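Right, one structure below, let's go through it.
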Amino acid sequence: FLDTGVGIFRSVKVSLLRKMYKLLGAQHDSDILRDLLEGRVESRTGKPYRGKGLPAIYAHSRRGTIRSLVIIANDVYANVEKDEYQPMRCEFGGTLLYWET
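Everything in the sequence shown is counted per the working numbering, starting at 0 for the first residue and increasing by one.
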């Protein structure tokens with residue numbers, strides 16, 4: 000799945016969240032991605048029915064319904080199945096999700 004928007008970390012709400020994470024000692028956006036997947040960050044709209052997509056995909060990965068979940072968003076590469084969250088040297092202007100069923 001390819002979303003050619005601004006990417007996860009360039010949205011207004013997450014941009015503010017990034018600043019708070021940096022103040023608290025987070026090293027990289029990969030820390031935020033993990034929290035987004037685990038449902039610890041609400042949608043930027045604040046609406047209770049929004050922001051469920053990434054946590055739902057993450058839950059399917061944990062249950063084994065999908066395999067090989069890889070997320071590339073802005074400057075983060077995540078291989079969720081292997082619990083690898085890494086910074087990238089090159090910026091990707093959007094979000095790419097890959098998985099197998």
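Positions of the beta carbon are idealized from the N, C-alpha and C atoms, including for glycine.
Nothing here was measured: the structure is a model prediction, and the numbers come from that model.
{"Check": "8 Å Cβ cutoff met for L68 and V79", "Outcome": "yes"}
{"Check": "C-alpha distance - D2 paired with Y76, whole-angstrom precision", "Outcome": "15 Å"}
{"Check": "C-beta contact flag for I7 and L36 at 8 Å", "Outcome": "no"}
{"Check": "Outcome for D82 when other beta-carbon atoms lying within 10 angstroms are tallied against a minimum of 16", "Outcome": "exposed"}
{"Check": "A72, buried or exposed, once every other Cβ within 10 Å from all chains shown has been counted against 16", "Outcome": "buried"}
{"Check": "Rounded straight-line distance, which links the Cα of G38 to that of G52", "Outcome": "10 Å"}
{"Check": "Residue burial classification, L32 (beta-carbon count within 10 angstroms, cutoff 16)", "Outcome": "buried"}
{"Check": "Per-residue DSSP class, three states only, for Y57", "Outcome": "helix"}
{"Check": "Identity of the residues DSSP links to D2 by a beta bridge", "Outcome": "T94"}
{"Check": "Three-state secondary structure assigned by DSSP to R66", "Outcome": "strand"}
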